[in-house]
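Undergrad:
Numbering (full-length UniProt numbering), first residue to last: 1 to 427.
(1) Taking the C-alpha atoms as reference points, what is the distance between residue 1 and residue 213?
(2) To the nearest angstrom, report how far apart residue 254 and residue 100 are at their CA atoms.
(3) Alpha carbons only, please: which of 148, 43 and 219 is nearest the one belonging to residue 193?
(4) Using the three-state DSSP reduction, which class does residue 212 fall into: helix, strand or coil?
(5) Give the secondary structure of residue 431 by DSSP, where H, G and I count as helix, E and B as strand, and everything else as coil.
(6) Taking C-alpha atoms, which residue in 182, 12 and 30 lies nearest to residue 118?
(7) Tell whether a beta-carbon distance below 8 Å holds between residue 30 and residue 228.
(8) Spatial neighbours of residue 222 within its chain, please: C-beta separation below 7 Å, excluding the five flanking residues on both sides.
(9) Grouping DSSP H, G and I as helix and E and B as strand, with all else coil, what is residue 321?
(10) Taking 8 Å as the threshold, find out whether the stretch 119–127 comes into contact with the stretch 169–187 through three or more Cβ pairs.
(11) I'd like the ranges of any beta strand (DSSP E) spanning at least 3 consecutive residues and lying wholly in the stretch 348–389.
(12) From residue 28 to residue 197, what distance separates their C-alpha atoms?
(13) Could you tell me which of 404, 66 and 32 sits nearest to residue 252, measuring between CA atoms?
(14) Just checking my contact of residue 348 with residue 369 at CB under 8 Å: how many whole Å lie between their CB atoms?
(15) State the CB to CB distance for the pair residue 67 and residue 339, rounded to an integer number of angstroms; the pair is presumed to be in contact (CB under 8 Å).
(16) Report yes if the CB atom of residue 401 is closer than 8 Å to the CB atom of residue 351, and no otherwise.
(17) Grab me the residues of residue 57's own chain with a C-beta within less than 6 Å of its C-beta, minus the 5 sequence neighbours each way, in chain order.
(18) Which residue wins for smallest C-alpha separation from residue 379, given the options 170, 47 and 18?
(19) Would you call the CB atoms of residue 277 and residue 71 closer than 8 Å?
(20) Rounded to a whole number of angstroms, what is the C-alpha to C-alpha distance between residue 217 and residue 91?
(21) Over what stretch of residues does the alpha helix (DSSP H) that includes residue 81 continue unbroken?
(22) Measure the C-alpha to C-alpha separation of residue 314 and residue 422 and round it to an integer number of angstroms.
(23) Considering only their Cβ atoms, is the gap separating residue 234 from residue 360 smaller than 8 Å?
(24) Do you know how far the Cα of residue 37 is from the Cα of residue 23?
(25) Could you give the first and the last residue of the continuous alpha helix (DSSP H) run that contains residue 104?
(26) Whole angstroms are fine: how far does the CA of residue 9 sit from the CA of residue 490?
(27) So residue 15 is in the beta strand (DSSP E); what residue range does that whole segment cover?
(28) On the three-state DSSP scale, how would you describe residue 57?
(29) Under a Cβ-count criterion, where at least 16 other Cβ atoms within 10 Å of its own Cβ denotes burial, should residue 51 be classed as buried or exposed?
(30) Let me make sure I understand the geometry here. Which of 141, 291, 249 and 190 has the alpha-carbon closest to that of residue 341?
(31) How should residue 367 be labelled, buried or exposed, when 16 other C-beta atoms within 10 angstroms of its C-beta is the threshold for buried?
(32) Check for me: the alpha helix (DSSP H) holding residue 158 runs from which residue to which?
(33) Counting pairs of beta carbons, one from the stretch 109–117 and one from the stretch 379–391, are three or more of them closer than 8 Å?
(34) By the DSSP assignment, the beta strand (DSSP E) with residue 229 in it spans what residues?
(35) Does the stretch 254–270 come into contact with the stretch 81–90, if we say contact requires no fewer than three beta-carbon pairs (one atom in each stretch) closer than 8 Å?
(36) Return the chain-ordered ranges of every beta strand (DSSP E) run that is complete within the stretch 262–308 and spans a minimum of 3 residues.
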């Protein structure tokens, strides 16, 4: 079976909303730029509070990192909660930990409220230790989250083997707050909710210019413009053009995934039988989950678009055979890649470069929950002006130096590691 370059989530979301491009001039209270997790969460929560909202998307809702996500509904960030408080300070860090610890519950509530069919599962996620150092890291994370009252548990021995479906993992941290979903379907559901609430959504409308005109912002596209009192820039890693400095405040990285053809029911049920999604503790991590049809989905850091399909198949075979050697030869069906906005310290940045203009970047791979939380926080802030609604304070925009070089070095490191996996030098 040839490996197709196709995003599985698009295939599993046949009824994606499609909107016309913006033409002419419209006037609203808030213009949201970007129809991903953040922008659509902001739009929904603004509309719920009575604001008139327009959403401009350069392609279609979910086109960027939101629709290409792994679909893990995780609590917190990649880095442990103690490090978050060390990075932001105790007061800010503890607030961020609280808000992101409750982030899966916010996603679940939106799915329930707007009846979004996104194949949501609420059985948690598993962070899997690939070696003794990884196990020590997970023991530390368990202690840190339990200290904050989180329902996490480190599984070892038989309990770990049963939960993961593999004997290659000595310990796995089960986070019962978390879950999995189809990220494109979740994004599409948010877009439908925004439209049903009266929002105006426009596809194929990339922003070409953003400027202040009197008391309003003028957000211009090739064929039209939006006049708005406030603007949310939610384009993150997929920011295009020179109309904003946002894209100079992160460096792009990539994450690819490879999906199998549906496995037999018996084979699929042996892999993560509890229905959790997972990822391991490798520095160049691997993610592992199943979809609703029993496909095995593997992912890792790196740009799959720059790798030949034989390489991606060899990598997927190596990871599958290591963790799940009992499977018969797996047919790999499709592959896709998404872009991630990285920051050097792996912490997000919120910006307010001018009154009524807010922006965000630097989710570092935690878009489903973080984007949903930030979108709601922006909506609350713009409606009420209370900065305590924000997960972190606004920062000054400080363009990063050498973003292209950083991206190249990261990609080179990821590719070397994956080559070592294919050659069975590392796993």
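Glycine included, every Cβ here is placed at the ideal spot set by N, Cα and C.
TA: Working from what's here:
(1) 56 Å
(2) 23 Å
(3) 43
(4) strand
(5) Past the edges of the chain, shown from 1 to 427, lies residue 431, and the structure says nothing about it.
(6) 182
(7) yes
(8) 208
(9) helix
(10) yes
(11) 349–354 and 357–361
(12) 14 Å
(13) 404
(14) That belief does not hold up - the Cβ atoms of residue 348 and residue 369 are roughly 12 Å apart, past 8 Å.
(15) 12 Å between Cβ atoms; not a contact.
(16) no
(17) 35 and 203
(18) 47
(19) yes
(20) 34 Å
(21) 81–88
(22) 6 Å
(23) yes
(24) 25 Å
(25) 103–113
(26) Shown here, the chain extends from 1 to 427; a query on residue 490 therefore has no answer.
(27) Element bounds for residue 15: n/a, residue is neither H nor E.
(28) coil
(29) buried
(30) 249
(31) buried
(32) 157–164
(33) no
(34) 224–233
(35) no
(36) 277–280, 286–290 and 296–301
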